[in-house]
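The block underneath contains the structure these notes are about, expressed in structure tokens.
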Amino acid sequence: MTGTIAQEMKSLLEDALAPESLEIINDSAQHHGHAGDDGSGESHFTLVVCSAAFAGKNRLQRQRMVIAALGDIVGERVHAVAIKASAPGE
13 MTGTIAQEMK
23 SLLEDALAPE
33 SLEIINDSAQ
43 HHGHAGDDGS
53 GESHFTLVVC
63 SAAFAGKNRL
73 QRQRMVIAAL
83 GDIVGERVHA
93 VAIKASAPGE
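Now the structure itself:
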């Protein structure tokens, strides 16, 4: 994880979800020259989040929680985010 957007996402997710583990993978280089590549080097990410907040929630609910925590980042400043969300023990 590098860059200002990645750092901001880390802070927002930690504050909102208190994850046991959090991995932010910058996939932007794989999309260089494709739709959504704004040249910033921070346009595409994969988020791997394990949080007790996800217990009892289905996949869609978990993704919505992550997107809500990120505010205007997704769709405004980042083109695409892949989310892998799990609860502890899963």
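Position 25, counted from 1, in the sequence shown is what this note's numbering calls 37; the numbers after and before it change by one each time, with no gaps. Here a beta-carbon is modelled for each residue, glycine too, at the ideal position from N, C-alpha and C.
Coil, strand or helix - residue i by DSSP
i	result
E20	helix
E35	strand
S98	strand
Short Cβ contact (9 Å threshold) for residue i with residue j
i	j	result
I36	L72	no
A32	A81	A small correction: the amino acid at residue 32 is Glu; Ala does not occupy that position in the sequence shown. Not closer than 9 Å, so no.
A97	M77	yes
F66	V90	no
Residue i versus residue j - alpha carbon distance
i	j	result
C62	E54	22 Å
V86	A92	7 Å
M21	G68	24 Å
N70	T16	30 Å
A28	G101	20 Å
L25	S40	20 Å
Q75	L34	14 Å
Counted within 10 angstroms of its Cβ, other Cβ atoms place residue i as buried (16 or more) or exposed
i	result
Q42	exposed
A30	exposed
Q19	exposed
Legend entry - 3-residue-minimum beta strand (DSSP E) runs that sit fully inside the region 63-96, ordered along the chain: none
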